[in-house]
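The sequence shown begins at 1 in full-length UniProt numbering and counts up one residue at a time. A short write-up of the structure that comes next.
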Amino acid sequence: MSATKVTVICLCYNQEEYVVEAMQSVLNQTYPTELIIVDDASTDKSVEVIKSFLKNQRREIKSIFLNENHGNCKAFNIALKECESDYIIDLAADDVLLPHRVEEGVKNLKANRNVAVNFTNANYIDQNGEYIKSHFEVDDIKRSKEIVPEGDCFAAILERYYICSPSMMYNAKYLKEIGGYDESLAYEDFDIMLRLSRKYPFSYTDKILVNKRILNNSMSAKQYQKDNKQLNSTLIICRKAFKLIKERKEKVALIKRIAYEAKQAFVNKRFILFISFINLEFKTILQK
């Protein structure tokens, strides 16, 4: 029986300061892991930094240098087509995998073959790599203090952001089955979580296995700013979710999510989007 294969797709766009640390974290895994580094037409020195790093490596590392910026979703899908692995991790070039992330994910997913995503706890770090806090608050032995939803996670994902996206390891079969990321969207995680959790269970490993970097210029930090397309994508995802809900708790979860996003749109003076969210909220409330 052939060994289980894992690929980490590392997406880089103007992350010259951090991309080497991200790539090295993949090479430092305790489980043999393929690395595909994708540069999405960076305008800083990322390409130069990546090529310099690759030149000094003894092991084979796949690289894709795109000539024009496609955005995370399409850039990831381009690399996904190159993957023949059993499991896949999407790693931003400013985040870091801790050494046992892949090993723990393989162990979990091999034991739960119907699971589409294994996710874990994570640390948040600043631009200098200094600890800020953990994603889920932990006790003295680093275990989560809260009960983390797993299994059928659709309603929980719909209601709030509770899965730290860089902690996710995908079962490649299920990820490819639903067509990978939606390239029409400005960001990927909320949509892919919903589509996968609608069809398959998720599993949680109660260990801190990833460092997620918090930066002032990150996509998540800018998502509610004027002219940022992420909130538009969130509206599209909520409309897609409306067609996926099957029971009352999911309807309630969607209403809570829409109300939150509508508030963010209003506070940030995105009034056209605010009205669109309110219309969708009323439509959801009136749904029988």
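Each residue gets a CB set at the ideal place from its N, CA and C atoms; glycine is no exception.
| Query | Result |
| --- | --- |
| Neighbour-count burial assignment, Phe190, 16 or more Cβ in a 10 Å radius | buried |
| Span separating the alpha-carbon of Glu16 from that of Ser42 | 9 Å |
| Backbone secondary structure at Val260 - three-state DSSP | Per the sequence shown, residue 260 should be read as Tyr rather than Val. Reduced to three states, the DSSP call for Tyr260 is helix. |
| Length at least 4, wholly inside the UniProt domain "Glycosyltransferase 2-like" (7-159): the alpha helix (DSSP H) runs in chain order | 19-27, 46-55, 72-80, 101-111, 154-159 |
| Neighbourhood of Val6 by C-beta distance below 6 Å, restricted to the same chain and skipping five residues each side | Thr33, Ser85, Tyr87, Val102 |
| Span separating the alpha-carbon of Ser165 from that of Asn121 | 10 Å |
| Beta-carbon proximity of Asn112 to Ser203, cut-off 7 Å | yes |
| Cross-strand partners of Ile208 (DSSP beta bridge) | Asn121 |
| Reference Ser25, options Lys263, Asp94, Ile147, Asn67, closest by Cα | Asp94 |
| Closest by C-alpha distance to Asn14, when choosing among Thr30, Gln287, Val49 | Val49 |
| C-alpha gap between Arg257 and Glu159, whole angstroms | 5 Å |
| Other residues of its chain near Lys249: CB distance less than 8 Å, five sequence neighbours each side excluded | Ala155 |
| Between the CA atoms of Ser134 and Asp126 - distance to the nearest angstrom | 12 Å |
| Residues of its chain near Arg213, where Cβ-Cβ distance is below 6 Å and the 5 sequence neighbours each way are ignored | Asp94, Asp95, Ile125 |
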